[in-house]
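Each remark here refers to the structure printed beneath this line.
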Ligand code: SF4
């Protein structure tokens, strides 16, 4: 996995709650057997009209927000199916950070495995970010994972993250290699119970 | 000695490695694999030259995108490739596969229990969120992503941050016509789709412990729709009795002695508790685009005008808009086009028996397409032995081969835009059953009655002996 590097970017406001993984990447695109190439199908049913033309009302198609690497979303982002295709698609499209008031567990977990940092903030702060991004399309946020800070031109806001997950993101650690360090313990466990 | 919950007991026993401030390394007893979330995991193993650590604890089936008609010829080349890939991967890594030719093929969460692979006290994972189904047996079972599938294949372990525990106690007894599906929909309606985030639910109380194993599976299955990491029920005599005649149960008497100690100790502490009364529950129908948007069959669809919270109001407006339903519509005035009886929530033999009681001697309404998809080939065989297939077909339903089918519409079974479906599955997200399709989640008997009447009706008005269902 690539290391997470601090960055500054525009912010895309996706004003929906309970965005489920079926919306993030509809099932017709789950049949690929690779991990890449999902970005073009991200939010497919919202992004394109039935005739295949772009839906210009959908925020991903608004040129003002093009190139945003930060996605804002309302409560309970990523609920539903466990498909890791959802973070693959978000990452492939270019999102590195998602900010919401809460995330569904499996999605939250899958994000870290793919170098995406999901940040949980309280409702007031989220609304604040939404207002700023909706009123000013060149609004930018800086993400500083080392110091656990989100910054705009006026303020700094801190966020919480589990220290182990933070370390894995910053160092781009491969989970399996990490586990194999404990091989002896797995062997002992298996001898005891099998 | 400290009192422990079922969850605590399983968690503690499976700890391989623990360190302050870090996730814990848990041993996994059973890993189920299917065609959609596994190809990239096997590819990852190959790239890093790793083996499957315990092929004998790993089982695979093909269910998500298999056709339920004409299974020998898969038209969609990408589906066919995914299925081919699973066959090759299982051969290469020595994993037992229930393929389309197997009499035991079926939806992964139906065949695990059927084959006696699912046992109390186990840790079970699968690249599928409804793995929580297996918690009905008193196991800790949860869905994982593809990176974790690869991790479990390689190490038979998984890093987990310890979830909190949530007791959902359902007291009382169900009124007639209120099924396990209605209990779980009521629970989700009550806690919301994120109500159990970060928690493992244990369902307790008289209304739960009196359920059959199949109905308990229906409850645990939808834990994820309430946001829970997993759902579980302490094993008891009903559990042991169900397992006795299953395959892979050598020395069951000895195992039962162990399993008997798993149940949550009296006075054990949960992080939170919710108490509900089954007597107050009614048959449920979802009206919106998330499983929490649900109400009793005797009620009306909500009116966004009466909702104060702006985010909730907007979600309700969006949902009604997508569903093509006006605010304040009576549930029983909602007309349907399609009825789907199937999915890992409600496609077991008890579900089909109950649905058949409604269809017996009746016809599907002329505006309705009804399709019945058994959860496994074994369920199909059982149903045909009981003559249920004939009842369904005589009524005008289609009777199919097993698979996920219209639950997620990755195979040819799907709704067209605007089509409205009463479905026994678990998700009513936008487009879940086909782009533009509209899904109402209900129990199998509510679905069957809707098929016969062309619209929702109150199943409590039927004078049928449901037995324990
Ligand atoms: S039946 Fe539906 S919910 Fe169950 S495993 Fe298949 S797709 Fe998933």
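Chains as they are written, first to last, in the working numbering: chain A, 1 to 194; chain B, 1001 to 1469.
Every residue, glycine too, gets a C-beta built ideally from N, C-alpha and C.
Item	Value
Under the three-state DSSP convention, the category residue 1243 of chain B falls into	helix
Cross-chain neighbours of residue 1406 of chain B in chain E, by beta carbon under 8 Å	No chain E is present in this structure, whose protein chains are A and B.
Residue 1078 of chain B: contacting residues in chain A (beta-carbon distance under 7 Å)	31
Coarse secondary structure for residue 1389 of chain B, derived from DSSP in three states	helix
Among B:1305, B:1425, B:1263, B:1114, nearest to residue 1376 of chain B - alpha-carbon criterion	B:1114
Enclosing alpha helix (DSSP H) for residue 133 of chain A [first to last residue]	123-135
Residue 17 of chain A: contacting residues in chain B (beta-carbon distance under 7 Å)	1311, 1315
Alpha-carbon to alpha-carbon, residue 1410 of chain B and residue 1076 of chain B	10 Å
Any non-hydrogen atom of the ligand SF4 closer than 7 Å to residue 111 of chain A Cβ	no
Cα-Cα separation between residue 1378 of chain B and residue 1133 of chain B, rounded to whole angstroms	18 Å
Closer than 8 Å to chain B by CB, residue 189 of chain A	yes
Nearest-angstrom Cα separation, counted from residue 1430 of chain B out to residue 1020 of chain B	42 Å
CB contact check: residue 954 of chain B to chain A, cutoff 8 Å	Since the first residue of chain B shown is 1001 and the last is 1469, residue 954 of chain B is not available in this structure.
Pick from A:35, A:108, A:77, A:13 that is closest to residue 66 of chain A, judged by C-alpha positions	A:13
CB contact flag (residue 1343 of chain B, residue 82 of chain A, <8 Å)	no
Residue 1512 of chain B - DSSP class collapsed to helix/strand/coil	Only positions 1001 to 1469 of chain B appear in this structure, which leaves residue 1512 of chain B out of reach.
Simplified DSSP state of residue 970 of chain B, which is helix, strand or coil	Since the displayed chain B opens at 1001 and closes at 1469, residue 970 of chain B lies outside it and no answer follows.
Proximity test, residue 1109 of chain B beta-carbon vs the ligand SF4 heavy atom, cut-off 7 Å	yes
heavy atom of the ligand SF4 below 7 Å from residue 252 of chain A C-beta	The structure shown has nothing for residue 252 of chain A, since chain A only spans 1 to 194.
Status (buried if at least 16 other CB within 10 Å, exposed otherwise) for residue 1042 of chain B	buried
heavy atom of the ligand SF4 below 7 Å from residue 1321 of chain B C-beta	no
8 Å Cβ cutoff, residue 1147 of chain B in contact with chain A	yes
Bridge-paired residues (DSSP) for residue 1420 of chain B	B:1438
One or two residues paired with residue 1013 of chain B in a DSSP bridge	DSSP lists no partner for residue 1013 of chain B.
Backbone CA spacing between residue 1438 of chain B and residue 1420 of chain B [nearest angstrom]	5 Å
Beta strand (DSSP E) segments (min. 3 residues) lying fully within the segment 69-113 of chain A	70-73, 97-100
Assigned exposure category for residue 1283 of chain B - 16 Cβ within 10 Å defines buried	buried
is_contact[residue 1109 of chain B, chain A] using C-beta, thresh 8 Å	no
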